[in-house]
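Line order of the protein sequences matches chains A and B.
With this note's numbering, letter number 25 in the first sequence gets 11, and the count goes up by one each step, no holes.
With this note's numbering, letter number 173 in the second sequence gets 159, and the count goes up by one each step, no holes.
Written below as structure tokens is the structure these notes are about.
Protein chains: 2
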Amino acid sequence: MSSNPKSKKQIIFQEAAELFRDKGYPATSMRDLAERVGLKPSSFYSHIKSKEEILQKICFDSAEKFTIGMKEVCDTEATNKEKLQLLIRLHIKVATEDPTTATVFNDEWRHLSEPHLSNFLALRRDYESHFLKIIEAGISTQEFKQISPSLVLYTIINSLRWLHFANKPTKELSATQIENDLIQLLLQGVEKNVL
Amino acid sequence: MSSNPKSKKQIIFQEAAELFRDKGYPATSMRDLAERVGLKPSSFYSHIKSKEEILQKICFDSAEKFTIGMKEVCDTEATNKEKLQLLIRLHIKVATEDPTTATVFNDEWRHLSEPHLSNFLALRRDYESHFLKIIEAGISTQEFKQISPSLVLYTIINSLRWLHFANKPTKELSATQIENDLIQLLLQGVEKNVL
DNA sequence: ATTTTGCGAACGAACAGTCATTCGTATTTT
DNA sequence: AAAATACGAATGACTGTTCGTTCGCAAAAT
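Here's what the structure looks like:
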């Protein structure tokens, strides 16, 4: 059964996430993973069902975080501007809390097999449509500029995609510093306002 | 000799870029590619040297576009704000002119083998450092807000990464429309200025 | 004019290697 | 004793690539 400090299953998922991030899912072999975990390839079929089960867990666990986060945002009474701020914070939180799974979630979902691929895409579509509604609402209340909502959506979502590479920049920047700077950047742009 | 309308080599590169975009480099087999081109797997070794040669060409051709574009921007006499605008336009141009190779350039370069991987990363580092200098200069002249330059760099670069998925959104938006909206969005943010 | 030579393009077959996974069995843990 | 965990060996499928060969066409030689 699950050994105490961290179950072997958890270790497998974590090491796998790192490998998937670094090499991608198809280029990561079970032998690579075995070596990392300190097991022979045949051995972790006592713990997991298949290679894809790992990918599925990572993808859908991350997806759930976004789904839950979106629900919370939608349930609050807040201006659209505030909701957008909360969503940006949500993306930053997910990306920084668990950077490896966030990467896999972002880039490796396409290697899911059916029907999981369709299920995942449905979750994603749902999330994006909620996101879109907030942007559209913000435009109609004149909180936001009149810019194509889907263009705004994709720009914002993707602008946060570098966060989970975590190693390169911003070692010295605090998390809240990053949050605040990013929100200012996305809401008001790089250009300095002339007041 | 090179048959006229499009040489077979060109066809191979183009079909390969599409497959690499859709399935990723490691998940794309030479047999997949063969079927697309209408050749048997063994046959295109008359045209190309190896699978990786295709990846190399795509990556370094795209890299060259950015390098050349950056040189042009650096050579102009312009304010840092104007230079940043030009760089954003450059990214949009590359991403929309040849969306498939742009995707490969963005996501599949890590599968390059040495020494090509190091060469590629050197080009990239060089590009980014020029980009950073412009942002830093803009901050010191007070054209830009005082936000961590590398944070601005990665946000901008990545915010344009969805463009090459081309299919999903913005079918009806013209290219110049997209350009203008994006520049406004990145320079001045989503929020509507209260004037 | 006819034959010979050369060559790029395409092929089927086969290569050695790797892939994820399964099975039977041993070892360890409970 | 029972259950969970680990292993070596083997599986069939797939990987990129090479080999020897063939076909059609163009240039060269007769």
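Where is the CB? At the ideal position from N, CA and C, for every residue including glycine.
One alpha carbon belongs to V138 (chain A), the other to S28 (chain B), and they sit about 46 Å apart. Between the C-alpha atoms of L159 (chain B) and L168 (chain A) there is a straight-line separation of about 27 Å. Per the C-alpha coordinates, the member of A:S145, A:F151, A:I34 and A:Y31 positioned closest to L149 (chain B) is A:S145.
With respect to the 8 Å criterion, I54 (chain A) and A2 (chain A) are not classified as neighbours on the basis of their beta carbons. In this chain, the alpha helix (DSSP H) harbouring E39 (chain B) covers K37 to D61. Less than 8 Å divides the Cβ of K(-5) (chain A) from the Cβ of I34 (chain A). Below the 8 Å Cβ cutoff, chain B contributes no neighbours of H77 (chain A), its closest Cβ being approximately 12 Å away.
With a threshold of 8 Å between beta carbons, R147 (chain A) makes contact with chain B. By the criterion of at least three beta-carbon pairs nearer than 8 Å, the region 46 to 60 of chain B is not in contact with the region 4 to 24 of chain B. Take L5 (chain A), set aside five residues on each side of it, and the residues of its chain with a beta-carbon closer than 8 Å to its own are T14, D18, L19 and R22, in chain order.
Contact of V59 (chain A) with chain B is not assigned, every C-beta pair being separated by 8 Å or more. Distance check between E100 (chain A) and each of A:M16, A:F(-1), A:Y11 and A:E38 places A:E38 closest, using alpha-carbon atoms only.
Beta-bridge pairing by DSSP links E68 (chain B) to no other residue.
Across the set A:K119, A:E83 and A:F106, the C-alpha of A:E83 shows the shortest separation from the C-alpha of T162 (chain A). Per DSSP, the beta bridge partners of F130 (chain A) are B:E177. Nearest CB-CB separation between L25 (chain B) and chain A: not below the 8 Å threshold. Across the region 119 to 140 of chain B, CB contacts with chain A closer than 9 Å involve I121, G124, I125, Q128, E129, F130, K131, Q132, I133, S134, S136, L137, V138, L139 and Y140, in sequence order along the chain.
Between V90 (chain A) and I44 (chain A), the C-beta spacing is below 8 Å.
Just measuring C-alpha positions, the residue of A:N105, A:N166 and A:V176 sitting nearest T127 (chain B) is A:V176. Shortest Cα-Cα distance from P85 (chain A) to any of A:R111, A:L70 and A:Q0 involves A:Q0.
Taken through DSSP and simplified to helix, strand or coil, T14 (chain A) comes out as coil. When secondary structure is reduced to three states using DSSP, S99 (chain A) falls in the coil class, being assigned neither helix nor strand. For V80 (chain A), no chain B residue has a C-beta closer than 7 Å to its own C-beta; the minimum C-beta separation is roughly 16 Å.
Judged by DSSP in its simplified three-state form, R147 (chain A) adopts coil rather than helix or strand.
Taking the Cα positions, A64 (chain B) is about 13 Å away from I121 (chain B).
Counting the other CB atoms within 10 Å of its CB gives E58 (chain A) a total below 16, which places it among the exposed residues. Here the alpha carbons of N92 (chain B) and I74 (chain B) stand approximately 16 Å from one another.
Counted as a single uninterrupted DSSP element, the stretch harbouring I34 (chain B) is not any alpha helix (DSSP H), since DSSP gives it neither H nor E.
At least one CB of chain A lies nearer than 8 Å to the CB of P12 (chain B). In this structure, the beta-carbon distance from L76 (chain A) to G124 (chain A) does not fall below 8 Å.
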